[in-house]
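Numbered according to UniProt numbering, the sequence shown spans residues 1 to 318. So the structure is just underneath, and the comments pick up after that.
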Amino acid sequence: MTTFQMTKAPKAPEAPQATAPMLRRLVSGARTRAAGVNLLCFAIAAGLFALPLVYVLLQAFKTYTGFLQDPTGTPHPWTTESFSAAWQQGHFGREMVNSLIYAAVPDAITLVLGVFLAFPISRGYFKYSNGLYTFFIFSGFLPGGLIPLFIEARTLHLYNSLIGYLIMTSLSGAGFFFFVGYIKGIPREIDEAAALDGCGYIRFIFTIVMPQMKPALATFGIFGFVHGWNNLILPLVMLSDSALWPVTRGLYSFFGQYSQNWPLIAAGTFIVAAPIMVLFILLQRYLVEGVAGGASFGTQGVAPGASGAGGAETGGGA
């Protein structure tokens with residue numbers, strides 16, 4: 001009898017598996033490429049933004065004769081005379097105080113009023129809260145009327161006045177859109193807990209809501225401060241008394257009709273910009289967090305709520 005023996009078909013060769021050293025090399029290569037891209041982006045950003053600032057700073061350490069002889073080279077000799085001359089000629093000592101008042105006071109008032117307005121709208125405590133929210137958003141895109149504002153200031157006796165200038169600059173709506181979005185991320189249970197504990201509305205805003213909005217407040221506090229510090233057109237129109245001028249108006253006086261001392265202008269520019277740079281260094285960690293927190297909720301509609309219930313949930317008094 002003939003017997004047949006069954007033979008198994010040969011197995012296909014298995015694909016070689018990636019070993020640990022190979023994976024480490026792949027990860028290391030990816031990190032190296034990412035680091036190269038980051039370095040390239042940093043170099044481009046430095047070339048676009050940092051190099052002009054470095055150039056202006058170098059001109060501030062030149063004499064006027066040295067600038068005329070070599071406008072693009074390094075200072076030779078190095079001198080700080082332009083900084084002292086700019087400080088005295090621009091009267092920056094007095095104007096720094098004025099600019100600090102013009103930037104800080106309206107900024108603080110605007111932030112507080114913005115939170116008090118954004119909270120009930122974000123909770124839907126007003127009737128037609130969505131409509132009010134949309135109205136405030138679109139009103140922020142309207143251009144400011146300088147001539148009507150000037151006529152109003154003259155009529156109300158606010159022209160060429162410290163108090164009048166503060167009133168005109170303290171009622172802007174900067175940051176309101178992001179405040180509404182940021183408050184949407186605060187749980188409503190906090191409102192109910194505060195009401196059960198007998199917390200008044202004003203105390204609730206200052207002690208509970210605002211501490212949770214530190215990134216947003218810091219972010220738009222910086223934006224508002226920078227806007228107030230750099231404002232030039234409004235002081236030119238509204239303040240004719242040199243004792244009320246801010247630093248931007250003092251820096252503007254350096255530009256003559258027929259000649260300009262560019263080392264003096266460069267030194268004055270850095271004197272004016274120094275407080276802003278210090279502010280950014282101290283509060284830079286809040287910038288991205290505050291903008292991202294408000295933008296993540298800012299496009300959502302206002303949550304529906306019972307109209308007129310704003311004072312009921314958090315108590316009535318302070």
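Heads up, the beta-carbon is just placed ideally off N, CA and C, and yes, glycines get one too.
- Query: Which two residues bound the contiguous alpha helix (DSSP H) that contains residue 133?
  - Reply: Bounds of the alpha helix (DSSP H) holding residue 133 are 129-139.
- Three-state secondary structure (DSSP) at residue 126? Residue 126 falls in the coil class under three-state DSSP.
- Message: Please state whether the Cβ-Cβ distance between residue 183 and residue 118 is less than 8 angstroms.
- Response: Against a cut-off of 8 angstroms, the Cβ pair of residue 118 and residue 183 comes out as a contact.
- Message: With H, G and I counted as helix, E and B as strand and the rest as coil, what does DSSP make of residue 188?
- Response: Coil at residue 188, not helix or strand.
- Task: Assign residue 147 to buried or exposed, taking buried as 16 or more other Cβ atoms, counted over all protein chains shown, within 10 Å of its Cβ.
- Result: The residue in question, residue 147, is exposed, as its Cβ has fewer than 16 Cβ neighbours within 10 Å.
- Task: Report yes if the C-beta distance between residue 169 and residue 102 is below 8 angstroms; otherwise report no.
- Result: Taking the C-beta atoms as reference points, residue 102 is found nearer than 8 angstroms to residue 169.
- Taking residue 141 as the reference, which of 242, 177, 156 has the closest Cα? Taking only the C-alpha atoms, the option nearest residue 141 is 177.
- So, residue 222 versus residue 280, is the Cβ gap smaller than 8 angstroms? Closer than 8 angstroms, so yes.
- Message: Using CA atoms only, rank isn't needed, just tell me which of 20, 267, 98 is closest to residue 163.
- Response: Between residue 163 and the set 20, 267, 98, the nearest pair of CA atoms involves 98.
- Query: Roughly how many angstroms separate the alpha carbons of residue 132 and residue 121, rounded to a whole number?
  - Reply: Near 8 angstroms, if we compare the C-alpha coordinates of residue 121 and residue 132.
- Mind reading off the beta-carbon distance from residue 90 to residue 250? Whole number of angstroms is fine, and I expect it under 8 angstroms. The Cβ separation is near 4 angstroms, so the contact holds.
- Message: Measuring only the C-alpha atoms, how far is residue 50 from residue 261?
- Response: Those two C-alpha atoms are separated by around 23 angstroms.
- Query: Apart from the five residues just before and just after residue 85, which ones in its own chain have a Cβ nearer than 7 angstroms to its Cβ?
  - Reply: Annotation for residue 85: 264 place their beta carbon closer than 7 angstroms to its own, counting only its chain and skipping 5 residues before and after.
- Task: Leaving out five residues on either side along the sequence, give the residues of the same chain with a beta carbon under 6 angstroms from the beta carbon of residue 232.
- Result: Excluding positions up to five away in sequence, the list reads 248.
- Message: Let's test the definition: count the other Cβ atoms within 10 Å of the Cβ of residue 242 and tell me whether it reaches 16, buried, or not, exposed.
- Response: Counting the other Cβ atoms within 10 Å of the Cβ of residue 242 gives fewer than 16, which makes it exposed.
- Task: Determine, using beta carbons only, whether residue 218 and residue 283 come nearer to each other than 8 angstroms.
- Result: Judged by beta-carbon spacing, residue 283 lies within the 8 angstroms limit of residue 218, meaning their Cβ atoms are closer than that value.
- Message: So, at 7 angstroms on beta carbons, what are the nonlocal neighbours of residue 165 in its own chain, with the 5 sequence-adjacent residues on each side left out?
- Response: Cβ within range, chain order: 102, 238, 239.
- Message: Can you tell me where the alpha helix (DSSP H) holding residue 69 begins and where it ends?
- Response: For residue 69, the enclosing alpha helix (DSSP H) starts and ends at 64-69.
- Opening and closing residue of the alpha helix (DSSP H) in which residue 168 lies: The continuous alpha helix (DSSP H) containing residue 168 extends over residues 162-169.
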